[in-house]
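Each remark here refers to the structure printed beneath this line.
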Amino acid sequence: GDSVTQTEGQVALSEEDFLTIHCNYSASGYPALFWYVQYPGEGPQFLFRASRDKEKGSSRGFEATYNKEATSFHLQKASVQESDSAVYYCALSASSGSWQLIFGSGTQLTVMP
Amino acid sequence: ETAVFQTPNYHVTQVGNEVSFNCKQTLGHDTMYWYKQDSKKLLKIMFSYNNKQLIVNETVPRRFSPQSSDKAHLNLRIKSVEPEDSAVYLCASSYPGQGNERLFFGHGTKLSVL
Numbered sequence: 558g559d560s561v562t563q564t565e566g567q568v569a570l571s572e573e574d575f576l577t578i579h580c581n582y583s584a585s586g587y588p589a590l591f592w593y594v595q596y597p598g599e600g601p602q603f604l605f606r607a608s609r610d611k612e613k614g615s616s617r618g619f620e621a622t623y624n625k626e627a628t629s630f631h632l633q634k635a636s637v638q639e640s641d642s643a644v645y646y647c648a649l650s651a652s653s654g655s656w657q658l659i660f661g662s663g664t665q666l667t668v669m670p
Numbered sequence: 009e010t011a012v013f014q015t016p017n018y019h020v021t022q023v024g025n026e027v028s029f030n031c032k033q034t035l036g037h038d039t040m041y042w043y044k045q046d047s048k049k050l051l052k053i054m055f056s057y058n059n060k061q062l063i064v065n066e067t068v069p070r071r072f073s074p075q076s077s078d079k080a081h082l083n084l085r086i087k088s089v090e091p092e093d094s095a096v097y098l099c100a101s102s103y104p105g106q107g108n109e110r111l112f113f114g115h116g117t118k119l120s121v122l
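So the sequences go chain by chain: D and F. Residues 558 to 670 (the numbering used here) make up the first sequence, in order. Residues 9 to 122 (the numbering used here) make up the second sequence, in order.
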């Protein structure tokens, strides 16, 4: 079945550091790929998406590029802030016909001042 | 901006009790979902409901059932809770489409089973 793998469970950075969170997927065809962010006490929030090869999604300084050959959609930000501390989820739309989102295991980002 | 509303925020109960969680969305969406988030933050789809079509994740135990009165409401009922049901239950909604629609989540209901 379709799946999403996030290799980093936790990432700890200092303010102004460069961020990369790795996301690889397994799915047939061209699934839409997403990044969501979850702050404490809230539900996940949509960050951005991409639907085709080489398409770049971006929002609030975060970006990721759909790479079909590498089956990847890595999240990056050039300079993180303490307010970026949250859990980040990579997700894809399942090809089962119901278009449900399948989420990766999440990455806890902690940014220290 | 919160447009998916869940009640209660927290619920503590004992094994074997029945519980029910409410979810309402004011976005005019046609599809609603329930997700379970465990203590390790893993998110798993439980149900999706669209135009009276219910899609169930086959791994969901039968004691769980969604209940909908109209397209703006999708409640979750657990008939006889078990300790492993302790989790955060997240309701979400979206427009129906071809698979690239964003989900809007509520803040979740945290269930603790003693």
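Beta carbons: idealized from backbone N, C-alpha and C, even for Gly.
Worksheet item: By how many angstroms is the C-alpha of residue 19 (chain F) removed from the C-alpha of residue 651 (chain D)?
Response: Stepping through the first sequence from its first residue, residue 651 (chain D) is reached at position 94. Stepping through the second sequence from its first residue, residue 19 (chain F) is reached at position 11. Cα to Cα, the separation comes out at about 31 Å.
Worksheet entry | Same chain only: Cβ atoms within 6 Å of residue 665 (chain D), ignoring 5 sequence neighbours per side | Taking the first residue of the first sequence as position 1, residue 665 (chain D) is located at position 108. Once the five neighbours on either side are set aside, the close Cβ partners of residue 665 (chain D) are 567, 644.
Fill in: Contacts that residue 110 (chain F) makes with chain D (C-beta to C-beta distance below 8 Å)
Along the second sequence, read from residue 1 onward, the residue named residue 110 (chain F) stands at position 102. 591, 603, 606, listed in chain order.
Worksheet item: Which of the three DSSP states, helix, strand or coil, is assigned to residue 640 (chain D)?
Response: Stepping through the first sequence from its first residue, residue 640 (chain D) is reached at position 83. Reduced to three states, the DSSP call for residue 640 (chain D) is helix.
Item to complete: Out of F:58, F:59, F:54, F:75, point me to the one whose CA is closest to residue 66 (chain F)'s CA.
Response: Taking the second sequence and counting its residues from 1, the one referred to as residue 66 (chain F) is at position 58. Ranking F:58, F:59, F:54, F:75 by Cα distance to residue 66 (chain F) puts F:54 first.
Worksheet entry | Stretch pair the region 57-75 of chain F + the region 108-122 of chain F: three plus CB contacts closer than 8 Å | no
Fill in: 9 Å Cβ cut-off: residues of chain D touching residue 88 (chain F)
On the second sequence, position 80 is the one that residue 88 (chain F) refers to. What residue 88 (chain F) touches in chain D: nothing, since even the nearest Cβ is about 26 Å away.
Practice prompt. Please list the partners that residue 619 (chain D) has in chain F, where partner means a Cβ-to-Cβ separation under 9 Å.
Written response: Locating residue 619 (chain D) in the first sequence gives position 62, where the first residue counts as 1. Near residue 619 (chain D) there are no residues of chain F at all, since even the closest Cβ is about 15 Å away, more than 9 Å.
Worksheet item: Assuming residue 14 (chain F) and residue 30 (chain F) make a contact with CB atoms under 8 Å, what is their CB distance in whole Å?
Response: As a position in the second sequence, residue 14 (chain F) is number 6, starting the count at 1. As a position in the second sequence, residue 30 (chain F) is number 22, starting the count at 1. Right, the Cβ-Cβ distance comes to about 7 Å (below 8 Å), so this counts as a contact.
Worksheet item: Between which two residues does the beta strand (DSSP E) carrying residue 74 (chain F) extend?
Response: By one-based count along the second sequence, residue 74 (chain F) stands at place 66. Counting along the chain, the beta strand (DSSP E) containing residue 74 (chain F) begins and ends at 72-75.
Discussion item. Between which residues of its own chain and residue 641 (chain D) is the CB-CB distance below 8 Å, once the five residues before and five after are set aside?
Written reply: As a working note, residue 641 (chain D) is residue 84 in the first sequence. Here the set comprises 576, 634, 666, 668.
Worksheet item: Is residue 660 (chain D) close to chain F, meaning its C-beta is less than 7 Å from at least one C-beta of that chain?
Response: Reading the first sequence from its first residue, position 103 is the one you call residue 660 (chain D). So yes, residue 660 (chain D) belongs to the interface.
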